[in-house]
Amino acid sequence: DYHRFDYLLRTNQLILHISNVNTMTSEAEDKAKVQESAVSAENLKENLGKAAELAQVVAKPAIQFATFAFPYVVAFCRTAHSIYVKLPHDETEFLIGAIFCFFGGIYPTLFAAIIAAEHGGRQTLMEAISALTEEATKIVEASKKDDELDEDGDGTKDVDQITGKELLMRKAKLVMVKMNPDKVNDAMASMYKVWLSVAAVLTVQFARTIAVALSIADFIKKPVDHYVAPVIQAATPDEYDKWVPVMLGWLAKSIAMSIAWYIEAIRSAFTSALKGGLMMSRALMKIARKKGLTFVPEKEEDTNLDEITSYVFAGLGFYFQFKLGFDISFPFNIILAPFELAEYWIRWTITKSA
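By this note's numbering, the letter at position 19 of the sequence shown is numbered 19, and the numbering carries on one by one without gaps.
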């Protein structure tokens, strides 16, 4: 009995010791987590502070550039639209056919979105864009007047005597005062409704491409998680480890999208070249008949000339896109930067939503 009692006593003492050690370890771990959270919060605060400082430095030149460039962009768009409206029907059809023939594979989703918007609320979209343009023009004009103010009469403009933070606050106040919130809200809501209908059409139209992109992304993500993620996590500070899987997921999806959409670009280039070539040839026949060329038949059904000519245009259009690598090269990529951004944004949006 004595030995049994001694054994039980020692066992209880050992359990109590282990419990105390576990408690101390748990407290140390909790303290370490608190310290780690404090360090992460401090780093986040420091990074946000640096970002705010950078925004203040960039604010003034960015506002000046936007104020300078916006009126020219609006004037260019209005001039281009007025020229387009005044073009004769046949010449317009020839121009549209040429765009599809020579650029259809480079901007497949953008052209598909335009066609979908044509049947799903183009007029609504144009009215919304017009309303936003009017509001933006009004704000830009007010900002120009504000830039010229010298209320203290010292001979130096007020905006040149304030910091970037104060300039941001000043311009934000100007926007809030000059903007018509109801008008902007209605315009944004109309644009969003049109985009929802367009996105639904594009998701169905490019369902095969989206499925290929997602399949490739899943295939790439497994070896990336197994081989690449541990290496990157080892080189990444502990407080940023949680971002590694997310960033690698984005990277895998981006690579998959590039592969899948390149395949789609080839297919779209071929089909759009045929469609655009036929539009060009038939429009050219109508123009030729207007010019008095009697050898051109009156009816397209009476001749194969339009099909033969369309094959020539289609071949040239596809070869042109193939030589470009189904992408616009410098310096045209700078000129067409808005189209490039719109194309990739639409691709990413409809792929991500799936």
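We put the beta carbon where it would ideally sit given N, CA and C, even for glycine. All figures in this text were calculated on a predicted structure; none of them were measured in a lab.
Contact set for residue i: own chain, Cβ-Cβ below 6 Å, skip 5 residues either direction
i, result
"Ile114", "none"
"Thr351", "Ile210, Ala213 and Met257"
"Ile232", "Val244"
Beta-carbon contacts of residue i that lie in its chain and below 8 Å, excluding the five residues immediately before and after
i, result
"Phe318", "Gly105, Ala269, Phe270 and Ala273"
"Pro71", "Thr137 and Val140"
"Ala131", "Lys183, Val184, Asp186 and Ala187"
"Ala151", "The question names Ala, but residue 151 in the sequence shown is Glu. Result list for Glu151: Asp158, in chain order."
"Ala283", "Asp90, Glu91, Glu93, Phe94 and Gly97"
"Ile287", "Asp90, Glu91 and Phe94"
"Ala229", "Val244, Pro245 and Leu248"
"Trp348", "Met257"
"Leu324", "Ile106"
Within-9 Å CB hit, residue i to chain B
i, result
"Asp158", "Considering every chain present, this structure includes no chain B. It has just one protein chain."
Close-in-space but distant-in-sequence residues of the same chain around residue i (CB under 7 Å, 5 per side omitted)
i, result
"Ile255", "Ile220"
"Ala112", "Leu202 and Gln205"
"Asp147", "Lys157 and Val159"
Span separating the alpha-carbon of residue i from that of residue j
i, j, result
"Ala172", "Ile63", "11 Å"
"Met179", "Thr203", "35 Å"
"Ile263", "Lys275", "19 Å"
"Thr303", "Phe102", "25 Å"
"Leu341", "Gly155", "43 Å"
"Val74", "Leu293", "41 Å"
"Ser329", "Glu343", "15 Å"
"Tyr107", "Ala265", "8 Å"
"Ala207", "Phe320", "27 Å"
"Ser197", "Arg122", "11 Å"
"Asp306", "Asp327", "29 Å"
"Ile162", "Arg170", "10 Å"
"Thr79", "Leu149", "32 Å"
"Pro384", "Lys193", "This structure cannot speak to residue 384, because the chain is shown only from 1 to 354."
"Ala117", "Ala235", "47 Å"
"Val312", "Ser281", "9 Å"
"Pro338", "Trp345", "10 Å"
"Met285", "Met176", "55 Å"
Nearest neighbour of residue i, chosen from the options [CA to CA]
i, options, result
"Leu174", "Ala116, Lys86, Ser190 and Glu135", "Glu135"
"Ala217", "Ala260, Lys145 and His81", "Ala260"
"Met279", "Ile99, Arg289, Lys144 and Glu118", "Ile99"
"Gly277", "Ala265, Thr236, Ser310 and Gly249", "Ser310"
"Leu125", "Asp146, Ser190 and Ala199", "Ser190"
"Ala355", "Tyr84, Glu127 and Lys144", "What the structure shows of the chain is the stretch from 1 to 354, and residue 355 is not part of that stretch, so it cannot be assessed."
"Ile335", "Ala66, Phe76, Phe65 and Thr67", "Phe76"
"His119", "Met285, Asp306, Trp195 and Gly249", "Trp195"
"Pro223", "Ala252, Lys291, Val177 and Ala235", "Ala252"
"Lys290", "Thr67, Ala200, Pro88 and Ile83", "Pro88"
"Ala142", "Pro61, Trp345, Thr67 and Thr236", "Thr67"
(request) Could you name each continuous beta strand (DSSP E) segment of 3 residues or more that falls completely within the segment 169-256, going from the start of the chain to the end? (result) Whole beta strand (DSSP E) segments, 3+ residues: zero.
(request) Kindly provide the ranges of any alpha helix (DSSP H) runs that are 4 or more residues long and lie completely inside the segment 64-120, ordered along the chain. (result) 89-103 and 108-119
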